[in-house]
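Asker:
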Amino acid sequence: MPVIATITAVTFLLDGSSDLAPSFLEPNTLRPALDKAISPADSDVRTAALKIVSDLEVAVDRFRAAVEGAADNAILGSTDKSASASSTRAVFSELDRERDRAISAVLDSRDQLVSLLDQETWSRVFDG
Numbered sequence: 050m051p052v053i054a055t056i057t058a059v060t061f062l063l064d065g066s067s068d069l070a071p072s073f074l075e076p077n078t079l080r081p082a083l084d085k086a087i088s089p090a091d092s093d094v095r096t097a098a099l100k101i102v103s104d105l106e107v108a109v110d111r112f113r114a115a116v117e118g119a120a121d122n123a124i125l126g127s128t129d130k131s132a133s134a135s136s137t138r139a140v141f142s143e144l145d146r147e148r149d150r151a152i153s154a155v156l157d158s159r160d161q162l163v164s165l166l167d168q169e170t171w172s173r174v175f176d177g
């Protein structure tokens, strides 16, 4: 049961809303913040920043799908009396790999934005 609770908590944490502060775990919150913070005259920076967010969104969506799939598989496996502990562990081992890929993508995206945005623009995006 703790596994299901963990999956539920992770899903809840990653299921944000665009009304929230900009977050790398919720790429939809970054787009409007970047649009607002980057001057229209800086179209190259805006294009590059939005590309970073699009790549991040793919990674986050992939992780969300993995979490949902792991939850479904754990629930289905829990009703099968012949399911082994190792088959359940395999489900979560793949989820751990997806989590590592998602964390890496978040950190890479952050580093790319740090390199792309000047301090003033970064502050406008993340400090309002």
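For the sequence shown, our numbering begins at 50 and goes up steadily by one. Heads up, the beta-carbon is just placed ideally off N, CA and C, and yes, glycines get one too.
1) Tell me whether the segment 84-96 and the segment 145-157 touch, counting them as touching only if at least three CB pairs, one residue from each stretch, are closer than 8 Å.
2) Spell out a yes or no on whether the segment 69-81 and the segment 104-116 are touching, meaning 3 or more CB-CB pairs, one atom from each, closer than 8 Å.
3) Can you tell me whether V102 is buried or exposed? The criterion is at least 16 other CB atoms within 10 Å of its CB, across all chains shown.
4) Classify L156: buried if its beta carbon has 16 or more other beta carbons within 10 angstroms, exposed otherwise.
5) Using 8 Å as the threshold, is the C-beta distance between R80 and L99 below it?
Answerer: Taking the coordinates as given:
1) With the cut-off at 8 Å, the segment 84-96 and the segment 145-157 do not touch.
2) Yes, they touch.
3) Flag for V102 reads buried.
4) So L156 counts as exposed.
5) With respect to the 8 Å criterion, R80 and L99 are classified as neighbours on the basis of their beta carbons.
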